[in-house]
Amino acid sequence: MGEGRQRTNWVLLSLMLSAVAAWLTLDAVSVAPNRIVPGSAYTAREVMDGWPALLLALPMLAVAVLAWQPTRKGLRLALVAVVALLTLLPLWLSAATAVLVESDMPRARVGIGSALWLLLFLLLLALIELRTRLGLSRPMGWLLLVPMGAGWWLALTLWLEPLALLREYQARSDQFITALAMHLVLVGAAVGASLVLASLLALAMRRHAGIRRAGFGVLNFLQTIPSLALFGLLLAPLAWLGSRIDWLSAIGVSGIGWAPAFLALLGYSLLPMVRNIHVALEEVDPAVVESARGMGMNRSQVFLQVRLPLALPVVLEGIRITTVQAIGLTAVAALIGAGGLGTFIFQGLGQAAMDMVLLGALPIIGLALMADALFGSLSERLRPGGAA
Amino acid sequence: MIELFDVTKRFGNDTAVDGISLRIEKGELCALVGTSGCGKSTTLRMINRLIEHDGGEIHLDGQPVRNFDEVTLRRRIGYVIQSTGLFPHWTVARNIGLVPRLLKWPKGRVRERVEELMQLLGLPVAEFADKYPRQLSGGQAQRVGVARALAADPDILLMDEPFGALDPITRETLQHEMRELQARLHKTIVFVTHDMDEALALADRLVVMHQGRVVQQGRPIELLHDPVNPFVESLLGGMDRGLKEAALIRVSERMLPLGPRLLASERIAYGASLSQALSVMLWHQVDRLTVVDEEDIPIGELSLRRLLGAKAS
C-alpha cells in the first residue's frame, strides 16, 4: 500500500469488462413509429456506423487497464473517466435519437435498451467502488453525479423529445405531479405517525416487560401478513366505519383509498421503528448510564443528556429502514386506489406499456435511494464523538 | 468520615452484604479487597446509594445517607469506575465539567476548574480538551475519569477497580500518580480492587471481605504479619507475603551511612523498595548495594543482613 501500487481491483475490472461486453452486444436503443406498434431495436454498433460506440468503449477499457495494477493516481484518472462516461451517455442517446428518428415520424418513440440500462448501472457501481477506494466523503460522491445530471437534463430538455419515457410523462405530467405528491404524503404521514407511536410504545415497553412481550408479538405478526392481504383485511372494517360515521366519510375514509393504505403502511412501519428505538435505548453502554447516575444526574437528565443522544443514530437508522420500506410499499397501495406512483406501474402493466411502468418505477427507486442516503449520512453525522 | 453500622444487602435470596460495620476516617484511603462476588462493589455502591441497603445504617459525617436526596448526595461524592463510563458524545472538557455544571456553577468557573484539573492529572489542555473519549488511550481515559470525579472538589471519592482494565505499566504509573495526588488532596477514598499489590501499595487501611462479611481489617503491614485465617493469608500472597511486605518498605529506611569500605559495584535508588533491592542482589549475586540519590550520587549502603534485619523489626 505504501508505495501506491496495489493489488488488482477485480471489482472494477469485472465491472468494466461486463460494461464493454454489454455495450457492444446488447440492444442499446429502440425506435417505434408510435405507441402501439412494436419498434425495432439497435445495438450501439449499429448506430452511426458504430464509431461513437467504439469511442465510448475505449475509456471503459482504459479503466479496466487502470484497475489491473491500480495506483492512487490511476484510480483518480479512472474516476474522471467514469464520470465522463456517465455524462456522455445521455448525449450519445440524443445523437442516436437524432439519427434514427426521421422527420416524417412525429409520433416516433425512442426506447432505452438493455445495454444502456446495464451500462448506467455498472458505471454507477464503478463510481461507488472508486469513491470508496479513494476515500472520498459522501457529499463528494453526490457532487460527482452533478455532471451526469446536467447531461441528462440538457438532453431531456433539448434533444430527447421522442424518448418514450418523456412522452409518457408529457402525456400525463399533471397526473405525475399528483401521484408523486400523494406518494410523498402517504410515506411522510406513515413514517411520521409511526415515529410518534413507536416512541411512545418503546417508552412503555421499557417500563413494563408485559407490554414488551405483547407488543413485539403483535408487531411481528403484523409484519408477516402480506401487504395485499392486509389491505384486503382493512377493507371491510373501514368501509363499515366510513358508512356509519359521518365525519369519517367526510374526510374520505372508506374501504379503499388513502385510509386503508395509511393504516397498513403504519402497521408495517411500526415494527422496524419500535425495534430500533427500543434496541437503541437499551443498548446504551450500562457503564455510561451508571456513571451518569453516580455523578448525580437525575432521571430526566440521564435520559435527555445521555441515553437519548447516544441512541439517536440507531433511531435514525430505524427511520431510514422504515422510510425506504414505506416508499416501496406505497407502490402496492395504488392497487386499492390510494394513488401514488404505483398507479403508473399497474396501469402500465395493464396496457403492456413498459415505458409507463418505468415512469412509476424509476422515481420510486430514486426516492428510495435519496431517503437512504439522506438518513444514512445524518445517522453517520450524529454518531457519538464522530463529528470531527 | 464514612461509617457503616451492621449494613446488609440482599438480592432475592442471596445475601450480598451480611451485616458489615466499617469506619473510614477523614483523609484515609481504605481499600476493599476480596475475591469476586464478595460484596465489595455492592458495599461501595451503597455509600452513594446507587444500591439501597436493606438493613443497618450508613453515615456520612454523622448523617445517615438516607437523609440526603440521592442526587444531591451523589454530586457530593466523586465516583470512578473501571470502564471509565465517560460520555462518548462529549469532549474531554465537557465530561470533566459535568458535576460543576449540574451544580450550576458559573461558566467561567467551570472552565477554570476543568483546566486546573486537567493540569493536575497531566492532560495538557490544548491537546486534550476537545478530544472525544474514543480518541484517548486507556490510561488517558481513566485520568479523565478521575478528573471528572474530582471536579466539584468532593470530600469523598469512591473508586471501583479504577485501574483494573489497564495494562500493567500504565496501571503502575497511575497508581503512583494516585499516591501523589492523595498526599496533596487528602480525600476520604474508598477503593475497591482485587489486585492485592495495588491495595498494599495504596491503602492506609485494608479491609478483606469474604462472602459479604469483613474478615479482617487494619494497616497493610498488620494484615501481612497477622492474617486471622488461611483465607486472608492466601489472599495476601501466602509464601510471597515476605516479598509483598518488602515491597512496602523503602531502601532509605534500612540503609546505613557510607562506611570505610569500598563502594559496592551495584547500585540501588534510595526510593526503591526492599524487594527491588533483593532482586538486584539475587540477579548480580552480591550481598551489598550502594544506595544512590536521584542524581546517582552515593549516599549510603545496604547489606543483605540489614535487608533481612528489617524483617525482625
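Respectively, the protein sequence lines represent chains A and B.
For my numbering, add 51 to where a residue sits in the first sequence, where the first one is 1.
For my numbering, add 4 to where a residue sits in the second sequence, where the first one is 1.
Cβ coordinates follow ideal geometry from the N, Cα and C atoms, glycine included.
Test: residue i CB closer than 8 Å to a CB of chain B
i, result
"Ser-342/A", "yes"
"Pro-360/A", "yes"
"Val-365/A", "no"
"Val-357/A", "yes"
"Ala-377/A", "no"
"Gly-345/A", "yes"
"Met-233/A", "no"
"Leu-429/A", "no"
Partner residues on chain B for residue i, Cβ-Cβ distance less than 7 Å
i, result
"Ala-338/A", "Ile-85, Ser-87 and Gly-89"
Per DSSP, cross-strand counterpart(s) of residue i
i, result
"Lys-13/B", "Val-21/B"
"Ile-301/B", "In DSSP, Ile-301/B forms no bridge with anything."
"Ile-163/A", "Val-80/A"
"Asp-164/B", "Ile-85/B and Val-196/B"
"Ser-91/A", "Val-82/A"
"Ala-273/B", "Val-296/B"
"Met-213/B", "Val-218/B"
Interface flag, residue i vs chain A, CB-CB below 8 Å
i, result
"Leu-102/B", "yes"
"Asn-71/B", "no"
"Leu-106/B", "yes"
"Ala-316/B", "Interpretation of Ala-316/B is limited by its pLDDT of 40, a score under 50 that renders its predicted location unreliable; the figure taken from the coordinates is listed afterwards. It does not; no Cβ of chain A falls within 8 Å."
"Arg-79/B", "yes"
"Leu-312/B", "no"
"Val-75/B", "yes"
"Asn-52/B", "yes"
Nearest-angstrom Cα separation, counted from residue j out to residue i
i, j, result
"Gly-388/A", "Ser-250/A", "30 Å"
"Glu-270/B", "Glu-184/B", "29 Å"
"Ile-396/A", "Ala-280/A", "19 Å"
"Ser-238/B", "Arg-245/B", "9 Å"
"Arg-144/A", "Ile-163/A", "The question names Arg, but residue 144/A in the sequence shown is Leu. Approximately 8 Å between the Cα atoms of the pair."
"Leu-205/A", "Thr-138/A", "10 Å"
"Ala-314/B", "Leu-240/B", "Unreliable placement is indicated for Ala-314/B, whose pLDDT of 48 sits below 50; no coordinate value is reported for it."
"Leu-262/B", "Ala-250/B", "22 Å"
"Leu-332/A", "Ala-362/A", "5 Å"
"Asn-233/B", "Val-219/B", "9 Å"
"Ser-317/B", "Leu-161/B", "Interpretation of Ser-317/B is limited by its pLDDT of 41, a score under 50 that renders its predicted location unreliable; no figure is taken from the coordinates."
"Tyr-220/A", "Gly-393/A", "14 Å"
"Gly-101/B", "Ala-132/A", "52 Å"
"Arg-309/B", "Gln-280/B", "15 Å"
"Leu-247/B", "Trp-287/B", "15 Å"
"His-214/B", "Ile-51/B", "19 Å"
"Gly-417/A", "His-57/B", "60 Å"
"Arg-182/A", "Gln-226/A", "37 Å"
Per-residue contacts from residue i into chain A (C-beta, under 8 Å)
i, result
"Val-1/B", "What is shown of chain B runs 5 to 317, which leaves residue 1/B out entirely."
Per-residue contacts from residue i into chain A (C-beta, under 9 Å)
i, result
"Asn-17/B", "Under the 9 Å cutoff, chain A gives no residues; its nearest Cβ is about 21 Å from Asn-17/B."
C-beta neighbour in chain E for residue i, strict 8 Å
i, result
"Met-348/A", "Checking the listed chains, one finds no chain E in this structure; the protein chains it contains are A and B."
* Asked: Is the segment 191-211 of chain B touching the segment 35-49 of chain B, taking contact as three or more C-beta pairs under 8 Å?
  -> By the Cβ rule, the segment 191-211 of chain B counts as touching the segment 35-49 of chain B, because three or more pairs are nearer than 8 Å.
* Asked: Counting Cβ pairs, one atom from each stretch, are 3 or more of them under 8 Å apart for the segment 231-250 of chain A and the segment 162-172 of chain A?
  -> Counting Cβ pairs under 8 Å, fewer than three are found: no touch.
* Does the segment 71-79 of chain A come close enough to the segment 195-205 of chain A that 3 or more CB-CB pairs lie under 8 Å? -> They do not touch, by the three-pair rule.
* Cβ pair count under 8 Å reaching 3, the segment 194-203 of chain B against the segment 40-54 of chain B -> Short answer: they touch.
* Below 8 Å, can you find three or more Cβ-Cβ pairs linking the segment 117-127 of chain B to the segment 150-162 of chain B? -> In short, these stretches touch, since the Cβ pair count reaches three.
* To do: Specify whether the segment 329-344 of chain A and the segment 85-95 of chain B touch according to this definition: at least 3 beta carbon pairs, one from each stretch, less than 8 Å apart.
  => Segments in contact, yes.
* If we count Cβ pairs, one from each stretch, closer than 8 Å, do we get three or more for the segment 187-194 of chain A versus the segment 106-122 of chain A? -> Output reads no: the segment 106-122 of chain A does not touch the segment 187-194 of chain A.
* Is it true that the segment 311-320 of chain A meets the segment 344-357 of chain A, where meeting means three or more beta-carbon pairs spaced less than 8 Å apart? -> Of all C-beta pairs linking the segment 311-320 of chain A to the segment 344-357 of chain A, fewer than three are shorter than 8 Å, placing the two stretches out of contact.
* Report yes or no: do three or more beta-carbon pairs, one from the segment 95-105 of chain A and one from the segment 144-158 of chain A, lie closer than 8 Å? => Short answer: they touch.
* Asked: With contact counted as at least three CB pairs below 8 Å, one residue from each stretch, are the segment 371-386 of chain A and the segment 240-258 of chain A in contact?
  -> Look at the beta carbons and you see the segment 371-386 of chain A touching the segment 240-258 of chain A: at least three pairs across the two are nearer than 8 Å.
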